[in-house]
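Chains as they are written, first to last, in full-length UniProt numbering: chain A, 1 to 106; chain B, 1 to 807.
Beta carbons are placed, not taken as given, at the ideal position from N, Cα and C, and that holds for glycine.
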């Protein structure tokens with residue numbers, strides 16, 4: 001697990017980008033917990049961290065594609081990697097080395 | 001049965017009505033008389049809590065309109081009491097005098113609320129929760145009471161508590177045992193229910209036996225067995241029902257807890273049947289609607305000498321409390337069970353299995369697949385892996401359900417019935433299907449599923465309302481009512497009350513707009529509900545950078561502004577500077593973290609080019625310079641822009657003011673366009689020159705600028721309050737109709753009210769670019785590996801965990 005930020009660094013219900021171990025990751029703080037997925041939408045490269053977030057999903061700000069934050073699954077074959085996140089003592093850690101759900105091989 | 005045999009049904013509740021309907025469906029000829037003790041036609045008691053929450057008229061609960069009874073040849077006697085009779089002779093005595101003859105008799109006398117025999121139970125301020133009169137009394141008291149207590153933490157008690165809380169009254173639910181809804185829930189799910197109730201301002205007090213209701217002249221408090229007490233000036237009692245068997249006893253029928261019936265629903269007398277909450281079958285008295293309707297169908301068959309048997313019901317329940325999704329069926333525990341639970345999200349899904357068969361399910365917070373699981377429990381389906389079965393159910397859409405899956409539990413309507421209504425009976429809309437099958441007409445909680453299935457069967461929907469939240473199938477008007485009646489101030493509060501904005505989040509910006517509009521901009525702003533454009537007040541571009549458009553009212557600028565824009569463009573190496581179609585200057589390719597710096601250096605207000613708001617008022621130079629000019633279009637355009645700027649709207653609003661009918665400002669293709677004409681100003685609405693092109697309709701031609709301003713402002717506010725989110729004026733105006741809009745905006749009273757709300761909303765606007773010095777969050781404009789702007793000298797970015805977390 002790699003330290004990413006303090007809990008207060010991300011406004012509630014929003015996402016922010018961070019590079020961890022060379023990987024660009026969008027980190028989300030929602031009502032149901034913290035989630036981390038690849039920062040870039042596979043459709044046209046939209047910044048997922050700028051999307052609207054609800055309990056378990058983020059919608060890309062460019063073309064409204066929605067991804068499940070728990071699994072990274074998007075519409076059809078679109079998929080991003082989702083990474084385990086842990087909150088300890090007000091600090092947020094991400095396991096970028098181990099996608100929670102590995103992307104399907106093309 | 002011989003011709004015109006008469007069946008008399010005593011009792012005008014859901015049960016009596018159901019027997020009448022089932023009989024008429026089966027036999028067009030038999031004479032049916034329904035004797036109702038109350039003065040009202042049969043109504044839907046299950047939806048009482050709706051009346052309590054929103055105060056709507058009891059008449060909305062009617063099961064069938066008056067015409068139905070004439071159309072179906074059902075004679076109704078209202079406000080009449082059956083006092084006795086001679087069963088062998090086939091006669092009843094009505095109101096002590098009149099005689100009514102029957103061939104067969106159905107007792108559907110229902111039940112009375114169970115009231116505990118404790119001191120103070122008869123005091124003013126103590127109410128049962130049973131009929132519309134109770135609801136009205138509770139609602140009235142709740143507005144003035146300081147603290148209410150609901151005795152009984154079952155389904156109905158919780159719904160009553162919700163109704164009271166909705167009136168803004170503190171309420172505590174008192175429950176005898178150690179968990180709520182103990183007949184339907186297991187201890188874990190019951191415990192998870194409590195915080196959701198707490199969010200709705202409902203407190204819970206478990207394991208408390210009420211010993212007395214205290215207060216001399218009226219209820220003032222409760223005294224408990226353990227010696228403790230609490231204040232309560234409104235007490236609602238909802239601890240169960242007592243089958244109404246007075247008449248049955250008078251007639252000499254066998255009774256126990258209720259009127260004893262066999263599988264045929266026949267009582268101890270061969271000419272008498274009994275159905276509903278008054279009937280006792282195999283030792284069980286059912287107080288829920290689904291079993292009652294099953295009984296009514298069996299009774300209708302056996303009354304007509306067809307063979308049928310009632311063998312008991314598997315109970316299911318849905319809690320009708322806005323903001324809490326709860327469905328249960330069958331037993332709360334089994335031999336083995338699978339549970340999927342998320343304590344943080346307050347979801348709990350459980351499937352219980354005995355002898356390898358499904359016997360019960362509890363779905364709290366996440367009720368996906370409820371129909372499929374209920375079908376499995378009712379059919380006692382074999383389940384080899386309950387966890388798999390749970391997962392499969394949650395993925396099931398309407399197409400995956402078997403035809404036997406019961407969709408409407410109140411009225412016992414299966415998926416197959418709904419599909420047949422479309423495919424065989426030719427219904428084309430959900431409303432027709434609901435009227436024909438009665439699905440969705442009980443508690444209404446299955447309506448979304450019914451609509452889905454009708455859509456599937458009909459290959460699309462013909463009357464799909466424009467849902468603001470498609471996931472929860474809620475319209476703008478429904479949500480606006482909730483926001484208004486419950487005083488909701490933020491998107492989170494609306495989500496909590498209405499369940500919106502949680503499944504996909506797509507409706508959050510629409511909710512954000514609605515909550516601000518209804519509250520005249522005096523809402524609690526939550527940026528997570530806004531599009532990124534409205535979080536950082538700039539328009540996101542395809543590469544993730546932003547465009548910045550400073551305010552330039554009417555397209556009029558100055559040398560010093562132009563100089564600043566040029567300096568900023570150079571300083572921040574802005575890749576593209578472009579003049580827009582709305583007569584503004586657009587700086588494209590600004591990074592998010594540069595936005596506050598760019599605004600500061602520009603020192604101009606936001607041009608709102610990124611928002612659903614009044615964007616631009618385009619002008620021509622007008623009479624001050626143009627030799628054809630008839631009016632001061634430039635000055636007027638600037639004035640209008642000042643009056644409207646900063647206001648959010650359902651979709652973007654582009655405006656224009658032309659100084660003469662040559663129309664250089666293209667006002668005739670604007671959402672709101674004003675054209676100077678000989679002797680006055682023409683006000684036009686609903687124009688477009690985008691993906692669709694539409695010439696704006698003429699709302700009116702008026703003499704003065706003041707009148708033109710007044711008229712167009714009134715329309716703008718009407719649009720703000722009534723358009724669907726993202727509905728441009730060019731769709732809105734034809735949808736409402738120009739004549740209707742004219743009528744509304746020229747009506748003195750309505751118009752004045754619209755303008756007053758506009759004034760309030762406008763007064764609460766601020767320039768969003770001031771957030772450059774007062775961000776709503778230190779990282780409003782920065783990612784986590786960038787340094788947020790602050791006043792002091794730069795400090796290094798924190799790259800490691802805090803000391804205390806490093807252990």
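| Asked | Found |
| --- | --- |
| Cβ-Cβ separation, residue 368 (chain B) to residue 196 (chain B) (assumed contact under 8 Å), whole Å | Contact flag wrong, Cβ pair sits at about 18 Å. |
| Near-chain B residues of the region 28-41 of chain A (beta-carbon distance less than 8 Å), N- to C-terminal order | 31, 32, 33 |
| Terminal residues of the beta strand (DSSP E) in which residue 211 (chain B) lies | 210-214 |
| Contacts around residue 179 (chain B), its chain only, beta-carbon distance under 6 Å, and the 5 residues preceding and following it disregarded | 187, 190 |
| Which of helix, strand or coil DSSP assigns to residue 372 (chain B) | helix |
| CA nearest to the CA of residue 352 (chain B), picked from B:131, B:342, B:663, B:378 | B:378 |
| Beta-carbon gap between residue 82 (chain B) and residue 92 (chain B) smaller than 8 Å | yes |
| Distance, residue 51 (chain A) Cα to residue 61 (chain A) Cα | 5 Å |
| Rounded C-alpha distance that separates residue 88 (chain A) from residue 394 (chain B) | 32 Å |
| Environment of residue 625 (chain B) [buried if 16+ CB atoms lie within 10 Å] | exposed |
| Strand pairing of residue 6 (chain B), partner residues [DSSP] | B:31 |
| Complete runs of the alpha helix (DSSP H) confined to the region 353-435 of chain B [at least 4 residues] | 370-378, 386-395, 415-423 |
| Contacts of residue 726 (chain B) in chain A (Cβ-Cβ under 8 Å) | Simply none; closest approach about 12 Å. |
| Contacting positions in the region 523-538 of chain B - beta carbon closer than 9 Å to chain A | 526, 527, 528, 529, 530, 531, 532, 533, 535, 536 |
| Any chain D beta carbon closer than 8 Å to residue 13 (chain A) | In the structure shown, chain D cannot be found, because the protein chains are A and B. |
| Proximal chain B residues relative to residue 87 (chain A), where beta-carbon distance stays under 7 Å | What residue 87 (chain A) touches in chain B: nothing, since even the nearest Cβ is about 10 Å away. |
| Contact set between residue 48 (chain A) and chain B, taken where Cβ atoms lie within less than 7 Å | By Cβ distance, chain B contributes nothing, its closest Cβ being about 10 Å from residue 48 (chain A), past 7 Å. |
| Cβ of residue 28 (chain B) within 8 Å of any chain A Cβ | no |
| Cβ of residue 59 (chain A) within 8 Å of any chain B Cβ | yes |
| Near-chain A residues of the region 111-133 of chain B - C-beta to any C-beta below 8 Å | none |
| Residue 36 (chain B) - partner residues in DSSP beta bridges | B:78 |
| Collapsed DSSP secondary structure at residue 531 (chain B) in the structure displayed | coil |
| 9 Å Cβ cut-off: residues of chain B touching residue 71 (chain A) | Those within 9 Å of residue 71 (chain A) in chain B number zero; the least Cβ separation is about 13 Å. |
| Pairwise C-alpha distance: residue 44 (chain B) and residue 162 (chain B) | 19 Å |
| Whole-Å CB distance - residue 644 (chain B) paired with residue 716 (chain B), under 8 Å assumed | 7 Å |
| Bounding residues of the alpha helix (DSSP H) (the contiguous stretch that carries residue 68 (chain A)) | Element bounds for residue 68 (chain A): not the alpha helix (DSSP H) but the beta strand (DSSP E), 66-68. |
| Inter-residue Cα distance where the pair is residue 418 (chain B) and residue 455 (chain B) | 10 Å |
| Beta-carbon proximity list for residue 666 (chain B), same chain, < 6 Å, skipping 5 on both sides | 656 |
| Residue 809 (chain B), DSSP secondary structure in three states | The question about residue 809 (chain B) has no answer, for chain B in this structure spans 1 to 807. |
| Contact set for residue 165 (chain B): own chain, Cβ-Cβ below 7 Å, skip 5 residues either direction | 171, 200, 201, 202 |
| Start and end residues, alpha helix (DSSP H) containing residue 164 (chain B) | 155-166 |
| Beta-carbon neighbours of residue 9 (chain A), restricted to chain B and to distances below 7 Å | 779, 784 |
| Contact with chain B by residue 4 (chain A), beta-carbon distance below 8 Å | yes |
| Whole alpha helix (DSSP H) elements within the region 585-640 of chain B, 4-residue minimum | 595-602 |
| CB contact check: residue 774 (chain B) to chain A, cutoff 8 Å | no |
| C-beta atoms of residue 618 (chain B) and residue 546 (chain B) nearer than 8 Å | no |
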